[in-house]
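With positions in the sequence shown counted from 1, the corresponding number in the numbering used here is that position plus 367.
In what follows, a structure is listed as structure tokens, so that the remarks can point back to it.
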Amino acid sequence: MQAVKYVRAASVDEASRLLQEGGEGARVLAGGTDVIVQARERTREIDLFVDIKQIAETMSIAYDAADGLSIGAAAPCHEIYGNETVRELYPSLVDSTSLIGGTAIQGRASLGGNLCNSSPAADGIPTLIVLEATVEIAGPNGRRSVAVEDFCTAPGRNVLESGEFVVSLKFPTPAAGSGARFLRFIPRNEMDIAVTNAATQVRIENGSVSWARVSIGAVAPIPLLVADAAAALVGQPLSDETIAAAAAASRAAASPIDDMRGSIRQRRHLAGVLTERTIRQAAERAAA
Ligand SMILES: Cc1cc2nc3c(=O)[nH]c(=O)nc-3n(C[C@H](O)[C@H](O)[C@H](O)COP(=O)(O)OP(=O)(O)OC[C@H]3O[C@@H](n4cnc5c(N)ncnc54)[C@H](O)[C@@H]3O)c2cc1C
């Protein structure tokens, strides 16, 4: 483990200043479940941790019907899936946050950390994409917001500039008739990195799909929003044919690699299977 200084930031402005002054070696510390491992294994050169968990805005979970849901970037998974509003209106967030690591990891790990670590296989990101989440970023030049699907740029990389960090994630209130589901495939029951994962949100009105979003992960350098999969669904009643067309679109969008967890062929196949299953299960939630 390299020697790392630790500072607990008391405000958004202080965190931003510390990150900018610290330069390349300064990293935000949220739950630490990725970054402490990276510091110990020296996969990242880190000399300063800026802990953002004392900043109220990064820890709060708040909802109102007009503005939707706001989740502080450092709020731990167990508080997210334990939140009544999240359970009722955003069950796909429960799907993701309740399978990141195990109970101990979920006591620390945050959705902001999952996003900012920017792994192609992150289990939070496809759900954020289909829920149309936006990333609220603070930095030396003030605040800006970015759609989650535009946030990651390459494995481990994202749009954050020097001194910037993520304060919160914002989610619109799901429209009536909407349902969303996240699933992943791993070869064992828990504590593994997704071979492939996927999320879908559909809105069903008058028996037809009026709106959809499909996202797949661990099959490309970044989690993907698959517009062609949604296009295969929208404007028609949900049927085996439209679902098969959406699954084919996901297989076509996937450009996976071979590694110890899965082959290109398996991952592409899984992108289709998980697209199909998440569509069917999202539609069941929409009906409920
Ligand atoms: C045993 C184990 C099992 C795991 N299982 C899973 C799993 O099943 N699925 C999965 O997806 N992941 C898994 N992970 C990885 C990790 O737990 C998650 O990615 C987690 O969500 C990271 O959140 P964190 O708060 O701990 O992030 P941290 O480790 O604190 O931060 C991660 C990275 O993001 C940066 N960062 C954090 N917050 C911000 C912010 N607000 N603004 C800017 N940058 C920020 C940090 O500087 C760091 O580079 C596992 C890890 C372990 C150790």
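We put the CB at the ideal spot given by N, CA and C, even for glycine.
| Check | Outcome |
| --- | --- |
| Please work out which residues of its chain come closer than 6 Å, Cβ to Cβ, to C519, disregarding the five sequence neighbours upstream and downstream, and give them in chain order. | S485, N525 and I589 |
| Using the Cα positions of T645 and A547, report the straight-line distance between them to the nearest angstrom. | 8 Å |
| Kindly indicate which residue of S630, G468, V461 and T567 has the alpha-carbon position closest to the one of P493. | T567 |
| In three-state DSSP terms, what is E499? | coil |
| Mapping DSSP to helix, strand and coil, what is N346? | Any property of residue 346 remains undetermined from this structure, which presents the chain solely from 368 to 655. |
| Anyone know if the C-beta pair for P579 and V593 falls short of 7 Å? | Just to set this straight, residue 579 is Ala in the shown sequence, not Pro. The answer is no: Cβ separation not under 7 Å. |
| So, I413 versus V371, is the Cβ gap smaller than 7 Å? | yes |
| By Cβ distance below 6 Å, which residues in the same chain neighbour A638 in space, the five residues on each side in sequence not counted? | T563, I583, V586, S617, R618 and A621 |
| May I have the straight-line CA-CA distance separating G574 from E643, to the nearest angstrom? | 18 Å |
| Taking the straight line between their C-alpha atoms, what separation do you get for Q473 and D595? | 34 Å |
| Whose CA, out of N556, L550, I624 and E608, lies closest to the CA of L641? | L550 |
| Pop quiz: A505 and E531 are said to be a contact at Cβ under 8 Å. What is the actual Cβ separation, rounded to whole angstroms? | 7 Å |
| In whole angstroms, what is the alpha-carbon distance linking S427 and V404? | 26 Å |
| Under 6 Å: does the beta carbon of F549 sit that close to some heavy atom of ligand 1? | no |
| Measuring CA to CA, which of Y430, V453, V379 and A432 is closest to V417? | V379 |
| List the DSSP bridge partners of P507. | Per DSSP, none; premise fails for P507. |
| Quick check on this structure: which residue in E446, I496 and N508 has the alpha carbon closest to the alpha carbon of S383? | N508 |
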